[in-house]
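Down below is the structure, laid out as C-alpha cells.
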Amino acid sequence: MQLKKQYESGAATNYITRNRALKKLQLTLKDFRRLCILKGIFPHDPLHKKKVNKGSSQNHIYYYAKDITYLASEPIIEKFREKKIFLKKLAKAKAKKEDETVKRLNEHRPRYELQRIVKERYPKFGSALRDLDDALCLCFAFAVFPNTFYVTSSIIAECRRLTAEFCNFIIESHSLTKVFISIKGIYYQAEVDGEKLTWVVGHDRGVGRIKEVDFSVMAIFAEFYIALLESVNCHLYKSIGLYYPPKLAYSKAQDDEVDEEEAEKIYSLAVPLAKDDTVSVEAMPDLTIDEGASEGLAAKLKDEQVRRSLFANCWFWLNREAPKEVLAVIVRSCGGMVSWEGCPGGLFNENDSRITHQVVDRPLVKNDINRCYIQPQWVVDCFNMRKRLPVEKYLPGATLPPHLSPFTTDVAGQYIPEERIEQLKESGVDVTELVGETTPAEEVQKAVKKKKEKGMHVEPGKTYRKNKQMEMDEKGHELKLREMMIAKRHRRVYHKIKRGIKRQAREVRELKQKRAKLEESNTNDRVSRVEKLLNLCLLAYGIEKCGFLRIGYNISISATLDNLGLHPGGVFDMFLLCEENRKPMLSQEAQ
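Using full-length UniProt numbering, read the sequence shown as starting at 1 and increasing by one per residue.
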C-alpha cells in the first residue's frame, strides 16, 4: 500500500492563493478584481491555514480552486485583453495626432454585455429579487454623485433612469408598504412578488467630493447592478402590463423612442404611465375578503385595500422646499394626485380649485380656506398609520409629534414610546403585555398615618398578608440555587443572556429618564413664557394697582391665575380684550 504524500489532497488542494490565481488566469490584479465582482466570486478563509499553506503561517488571500477553474473559461477575459490592445493603439494614434484613427478606434471600442452573467448568477427571478436591496441602495446613491474619473456621467445617467423606472413601477403596482425618514436618509420597503425589498435613499442635498471611498471598486459593483436592475425592471413592467421602456399615458401611439422632454416627465414621478394592451397580464387577485380566509390573509388584504385608496380624491400641491420624490411616491401609490411648481408634465397648477392639501415647510405667505396646509411629516405618518390623521398637529410652524419608525417591532420589555402605545390603543390592540408592570414607587404613594389616641379601644380584625420582601428574597434564593445547577458548558451562555437582559432593561430605563427630563424642561419653558406674558399684560395696564397682588417669578402661576379669576386658556383672550377695551378682563370679585 502506497502512502499518501503530504499536502497533495484535502484542504491543501481545495484552495489557491490570489497570486497563483493571477498567474493561472494571466490577468492583472485590476482585471482579476473586476472579473470576480462581476461573476460573484469572493475569497474564503480556510479553517486550517497551515495545511493549506503547506506548513507555513504566512498570511495569504485564498480562493476556492474550483472557482478559479470556473473563471478560466469565462469569455469576458478575452474582452479584457482586447481592451488592453485597444488602449495601446489609441495611445499610439493620439501620440501621432491621427484624428481619424482616434475617431475610428473610439467607434469600435471593445464592449461586453452583462445580461448573460446576470442570467447565470440568477437563473430564477425570485433569486434576483432577493438580491435587489444592495442594487437599489447603490444605484440611488450613484444617481446623485458628482461626475468624477470613476463615476462617469454615463453611470450617473443610467442609475437615474433605472431608479426612476423602479419608482414608477412601485407607484403603478401600489407595492410600497413602509416609509421612514431618518437622519441617514429615507428608508423604503415594498413587497414585490412576495419578496420584501428594503432600500435607503439619501436626502436631497448637494454631494461634494468624497475621498474616503474607493470608487474604483464601487464603480464595478454599480456596473453590474445597473445590468441587474435593468433586467428586473423589464420583467416587472411586463408583469403588470406596462410598456418598457416606459411611456406616458397620453403618448401611447408615439414611436418607441423617448425624447429628452418625455424622459424628464417620466423622471418626475408625477405623470401616470401608459398600459400595453398587447401584453397578456395575469389577473389581479380579488381583494374581497372571504369568510373562510385566515386572519393573516384577511389582514393583509384589508391593509392593501386601505393603502390603495388612502389618498383617493386628494390633490396635493408641494411647495418648493418640500421633498418631492418621497411625497410623490407615497401620494401616487395611495391613489392621490401630486404636482409642484416647474413639474415636468404637471397636471395642475397652484391656483387649481381641486387642490385639497398643500405641503409646506416654511412660513405661509397666503392662505386658502379651501385647502389644508400641512408639513411633509403628515403624509408619511398617515401612510404608516394607514389612515388620515388630524392636521392640527401638523400645521405650518407647529411642533411636530414624534416620527415613529414602522420597521421596529413592539416587544415586551423594550422601550416603547407613549405615542406608539396610544396608536396601538386606538387601533384596538391589547397593550397590557407591552406596557408591563410599573414600579411600586410609581403605583403607591406614601400616606401620612394618623397617630392613634391612647386608651381603651377595639382593634378590628386584620387579614393575613404575605411579606412581599420575604417572598422576593425566597425567589432570589431559589434562583441562585437553580443557577448553581446549570452545567458548566451552558453557564457561559446563560450569563451572556442574563447580561443582555440587564443591558436592555438599563437602556429602557435611561430612555424613560431622558424623556421625563425633556418633558419637564418643556413644561417649565411653557410656564415661564406664560408668566412673562402675564407680567407684561399686568404691568402694561396697571393691574398691580388693584392692591391685592403683585406678580413675581417666585409666585406659582396657578395661584396667580386663581387669584385673578382667570384660567390659562383665557390669558391670550385677556391680552386681546385689553387691546380692544383698554381694561383687564378680571372676575367680578377682582373688580
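Note that the Cβ used here is the ideal one computed from N, Cα and C, for glycine as well.
* Asked: In three-state DSSP terms, what is Glu191?
  -> In this structure, DSSP gives Glu191 an extended state, which the three-state scheme calls strand.
* To do: Quick one: residues in its chain with C-beta nearer than 7 Å to the C-beta of Pro406, no 5 flanking neighbours on either side, listed in chain order?
  => Result list for Pro406: Lys178, Phe180, Asn384, in chain order.
* Are the CB atoms of Ile266 and Pro246 nearer to each other than 8 Å? -> Yes. Within cutoff.
* Asked: Is it the case that the Cβ atoms of Arg130 and Glu195 are separated by a distance below 8 Å?
  -> Yes, they are a contact pair.
* **For Val329 and Ile170, believed in contact at Cβ under 8 Å, the rounded distance** => Contact between Ile170 and Val329 holds, since their C-beta atoms are separated by about 6 Å, short of 8 Å.
* **Straight-line gap, His60 to Thr409 (C-alpha atoms, nearest Å)** => Distance between the alpha carbons of His60 and Thr409: 43 Å.
* From what residue to what residue does the alpha helix (DSSP H) around Leu273 run? -> No alpha helix (DSSP H) holds Leu273; DSSP gives it neither H nor E.
* Asked: Based on Cα-Cα distance, which residue from Leu301, Lys302, Ser294, Val379 lies nearest to Pro323?
  -> Its Cα nearest to that of Pro323, the residue Val379 stands out among Leu301, Lys302, Ser294, Val379.
* To do: Jot down the residue ranges of each uninterrupted alpha helix (DSSP H) in the region 119-188, minimum 4 residues, whole runs only, in chain order.
  => DSSP runs (the alpha helix (DSSP H)) wholly in the region 119-188: 125-130, 132-142, 153-173.
* **Assigned secondary structure, Gln26 (DSSP; H/G/I helix, E/B strand, else coil)** => In this structure, Gln26 counts as coil in the three-state DSSP scheme.
* Asked: Which residues bound the beta strand (DSSP E) around Gln358?
  -> Note, Gln358: beta strand (DSSP E), 357-359.
* Asked: Beta-carbon of Lys196 versus every beta-carbon of chain E: anything under 8 Å?
  -> You won't find chain E in this structure, because it holds only one protein chain.
* In DSSP terms, what Trp340 is bridged to -> In the DSSP output, where bridge partners are listed per residue, Trp340 has Leu318.
* To do: Assign Asp67 to one of two classes, buried (16 or more other C-beta atoms within 10 Å of its C-beta) or exposed (fewer than that).
  => Asp67 should be labelled buried.
* Does the Cβ of Gln375 have 16 or more other Cβ atoms within 10 Å, making it buried, or fewer, making it exposed? -> Counting Cβ neighbours within 10 Å, Gln375 comes out buried, since at least 16 surround it.
* To do: Look at the alpha carbon of Phe215 and the alpha carbon of Lys184, and state the distance between them as a whole number of angstroms.
  => The alpha-carbon atoms of Phe215 and Lys184 are separated by roughly 20 Å.
* To do: Identify which residue in Leu105, Ala164, Leu176 has its Cα closest to the Cα of Lys88.
  => Nearest C-alpha to Lys88 among Leu105, Ala164, Leu176: Leu105.
* To do: Give the DSSP-derived three-state secondary structure of Phe575 in the structure shown.
  => In this predicted model, Phe575 has a pLDDT of only 46, less than 50, meaning its place in the structure is not dependable; the value taken from the coordinates is given anyway. Residue state, collapsed to three classes: helix.
* Kindly indicate which residue of Glu392, Ala398, Val144, Cys382 has the alpha-carbon position closest to the one of Asp404. => First, the amino acid is wrong: residue 404 is Leu here, not Asp. Per the Cα distances, Cys382.
* **Per-residue burial, Lys451 [other beta carbons within 10 Å of its own, 16 or more giving buried]** => For Lys451, the predicted model reports a pLDDT of 46, less than 50, meaning its position is unreliable; a value from the coordinates is still stated below. Exposed.
* Element boundaries [beta strand (DSSP E), containing Ile374] -> Run containing Ile374: 372-374, per the beta strand (DSSP E) assignment.
* Look up Glu421 in the DSSP assignment and give the residues it is bridged to. => Rather than Glu, the amino acid found at residue 421 in this sequence is Ile. For Ile421, which the question treats as bridged, DSSP gives no partner whatsoever.
* Alpha-carbon to alpha-carbon, Val213 and Asn233 -> One C-alpha to the other measures close to 28 Å.
* Asked: Between which two residues does the beta strand (DSSP E) carrying Ile16 extend?
  -> Per DSSP, Ile16 is one residue of the beta strand (DSSP E) stretching across 15-17.
* Looking at C-alpha atoms only, which residue of Lys97, Gln189, Gly206 is the closest neighbour of Leu147? -> The question names Leu, but residue 147 is Asn in the sequence shown. The closest CA to that of Asn147, considering only Lys97, Gln189, Gly206, is found on Gly206.
* Asked: Does the count of Cβ pairs from the region 393-404 and the region 344-357 closer than 8 Å reach three?
  -> In short, these stretches do not touch, since the Cβ pair count stays below three.
* Is it true that the region 308-327 meets the region 351-370, where meeting means three or more beta-carbon pairs spaced less than 8 Å apart? -> Judged by Cβ distances under 8 Å, the region 308-327 makes contact with the region 351-370, as three or more pairs qualify.
* Would you call the CB atoms of Cys159 and Ala222 closer than 8 Å? -> Yes, Cβ-Cβ distance for Cys159 and Ala222 is below 8 Å.
* Tyr63: first and last residue of the uninterrupted beta strand (DSSP E) it sits in -> It spans 62-64 - the beta strand (DSSP E) in which Tyr63 sits, taken as one unbroken run.
* Name, in chain order, the residues that DSSP records as bridge partners for Leu242. => Looking at the DSSP assignment, Leu242 forms a beta bridge with Lys275.
* Asp361 to Leu176 span [Cα, whole Å] -> CA-to-CA, the gap between Asp361 and Leu176 works out to about 24 Å.
* Asked: Are the Cβ atoms of Thr13 and Ala65 separated by less than 8 Å?
  -> Going by C-beta atoms, Thr13 is nearer than 8 Å to Ala65.
* **Lys4 (DSSP reduced to helix, strand or coil)** => The three-state reading of DSSP puts Lys4 in coil, since its state is none of H, G, I, E or B.
* Exposed or buried, what is Glu295 when buried is set at 16 or more other beta-carbons lying within 10 Å of its beta-carbon? -> With fewer than 16 Cβ atoms within 10 Å of its Cβ, Glu295 is classed as exposed.
* **Arg104, enclosing alpha helix (DSSP H) - first and last residue** => From DSSP, the alpha helix (DSSP H) with Arg104 extends over 99-107.
* Tell me, to the nearest whole angstrom, how far the beta carbon of Thr163 is from that of Ala143; I am working on the premise that it is less than 8 Å. => For Thr163 against Ala143, the beta-carbon gap comes to about 5 Å, under 8 Å, which counts as contact.
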